[in-house]
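Peer 1:
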Amino acid sequence: DGGITQSPKYLFRKEGQNVTLSCEQNLNHDAMYWYRQDPGQGLRLIYYSQIVNDFQKGDIAEGYSVSREKKESFPLTVTSAQKNPTAFYLCASSLTDGSHEQYFGPGTRLTVT
Amino acid sequence: GQSLEQPSEVTAVEGAIVQINCTYQTSGFYGLSWYQQHDGGAPTFLSYNGLDGLEETGRFSSFLSRSDSYGYLLLQELQMKDSASYFCAVRDRGTGFQKLVFGTGTRLLVSP
Numbered sequence: 108d109g110g111i112t113q114s115p116k117y118l119f120r121k122e123g124q125n126v127t128l129s130c131e132q133n134l135n136h137d138a139m140y141w142y143r144q145d146p147g148q149g150l151r152l153i154y155y156s157q158i159v160n161d162f163q164k165g166d167i168a169e170g171y172s173v174s175r176e177k178k179e180s181f182p183l184t185v186t187s188a189q190k191n192p193t194a195f196y197l198c199a200s201s202l203t204d205g206s207h208e209q210y211f212g213p214g215t216r217l218t219v220t
Numbered sequence: 006g007q008s009l010e011q012p013s014e015v016t017a018v019e020g021a022i023v024q025i026n027c028t029y030q031t032s033g034f035y036g037l038s039w040y041q042q043h044d045g046g047a048p049t050f051l052s053y054n055g056l057d058g059l060e061e062t063g064r065f066s067s068f069l070s071r072s073d074s075y076g077y078l079l080l081q082e083l084q085m086k087d088s089a090s091y092f093c094a095v096r097d098r099g100t101g102f103q104k105l106v107f108g109t110g111t112r113l114l115v116s117p
């Protein structure tokens with residue numbers, strides 16, 4: 108079955124620690140995305156990648172970093188510089204960056220205390 | 006800038022019809038999409054309108070009027086499982102990249 112996996116489902120960290128969220132897809136999609144969702148809010152774009160070895164900042168990139176060394180993988184690191192990291196993080200992919208349909212992973216709920 | 010407006014919450018009963026509106030303001034526009042998200046779950050794609058008019062997919066239909074910068078999602082024969090949040094999203098060209106910009110979502114509550 109093709110799809111996107113994110114792990115773990117729930118993650119707890121202490122303030123001041125960096126944490127890396129995993130995202131893997133086997134859909135052979137070129138484009139991948141990271142979104143942040145806060146309670147009662149829409150999805151805000153953190154970073155995106157149109158193709159392997161390339162990525163760009165989205166609307167709220169401060170305090171986050173990514174890599175795209177393989178087509179299938181797009182991990183997100185939440186650094187200690189992110190002022191309010193507690194949120195629901197969603198990874199998505201699409202065939203190309205112009206595709207209107209994005210496929211989402213199950214999400215990781217990060218809690219930082 | 007970009008902005009999308011949706012009602013925050015809509016309530017309806019099983020078997021009824023409900024319409025969720027979306028108005029948008031974007032610097033570029035390449036289509037309107039709709040996504041469904043159950044609590045704690047991942048958004049899933051429902052429908053897309055690239056041109057004006059109505060698109061029908063089973064119980065769900067979506068409409069777009071580009072001249073009015075307006076669209077809606079129509080859900081017919083409502084079922085309890087339709088209780089979820091619904092997001093409209095516009096395809097907007099950023100700096101050489103077409104990204105999706107999401108509205109804040111409409112929470113639909115379906116009661117028996």
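Residue numbers (our numbering), protein chains in the order written: chain A, 108 to 220; chain E, 6 to 117.
Don't be surprised by glycine CBs; every beta carbon is placed ideally from N, CA and C.
Which residue's Cα is closest to the Cα of A/Thr193: A/Arg120, A/Pro182, A/Thr112 and A/Asp161?
Peer 2: Ranking the options by Cα distance to A/Thr193, first place goes to A/Arg120.
Peer 1: Name, please, each residue of chain E whose Cβ falls closer than 7 Å to the Cβ of A/Phe119.
Peer 2: The premise fails here: A/Phe119 is roughly 16 Å from chain E at the closest Cβ pair, so nothing lies under 7 Å.
Peer 1: Quick check on the burial criterion: 16 or more other C-beta atoms within 10 angstroms. Buried or exposed for E/Gln30?
Peer 2: Result: exposed.
Peer 1: Relative to the C-alpha of A/Glu208, which residue among A/Ala199, A/Arg216 and A/Val173 is closest?
Peer 2: With distances taken between Cα atoms, A/Glu208 lies closest to A/Ala199.
Peer 1: Chain A partners of E/Arg96, CB-CB under 7 Å?
Peer 2: Going along chain A in sequence order, the residues near E/Arg96 (Cβ under 7 Å) are His207.
Peer 1: Please compile the residues from chain E whose C-beta is within a distance smaller than 7 Å of the C-beta of A/Leu152.
Peer 2: By Cβ distance, chain E contributes Lys104.
Peer 1: When the cut-off is 7 Å and only beta carbons count, does A/Phe181 lie next to chain E?
Peer 2: Chain E, which has no Cβ nearer than 7 Å to the Cβ of A/Phe181, makes this no.
Peer 1: To the nearest angstrom, how far is it from the Cα of E/Pro12 to the Cα of E/Thr28?
Peer 2: Approximately 10 Å, taken between the alpha carbons.
Peer 1: Given a threshold of 16 other Cβ atoms within 10 Å of its Cβ, counted over all protein chains shown, does A/Tyr132 qualify as buried or as exposed?
Peer 2: Note that residue 132 of chain A is Gln in the sequence shown here, rather than Tyr. Buried is the call here.
Peer 1: Please state whether the Cβ-Cβ distance between E/Gln7 and E/Asp97 is less than 7 Å.
Peer 2: Yes, the Cβ-Cβ distance between E/Gln7 and E/Asp97 is below 7 Å.
Peer 1: For E/Asp73, does the count of other Cβ atoms within 10 angstroms reach 16, so buried, or fall short, so exposed?
Peer 2: Classification of E/Asp73: exposed, given that the 10 Å Cβ count is below 16.
Peer 1: Does any C-beta atom of chain A lie closer than 7 Å to the C-beta of E/Ala89?
Peer 2: Answer no: the Cβ-Cβ gap between E/Ala89 and chain A never drops below 7 Å.
Peer 1: Would you list, in chain order, the members of the segment 143-175 of chain A that have their beta-carbon closer than 9 Å to a beta-carbon of chain B?
Peer 2: Absent here is chain B; the protein component of the structure consists of chains A and E.
Peer 1: Along the segment 11-36 of chain E, where does the CB come closer than 7 Å to a CB of chain A? Name the residues.
Peer 2: Under the 7 Å Cβ criterion, the segment 11-36 of chain E contributes Gly36.
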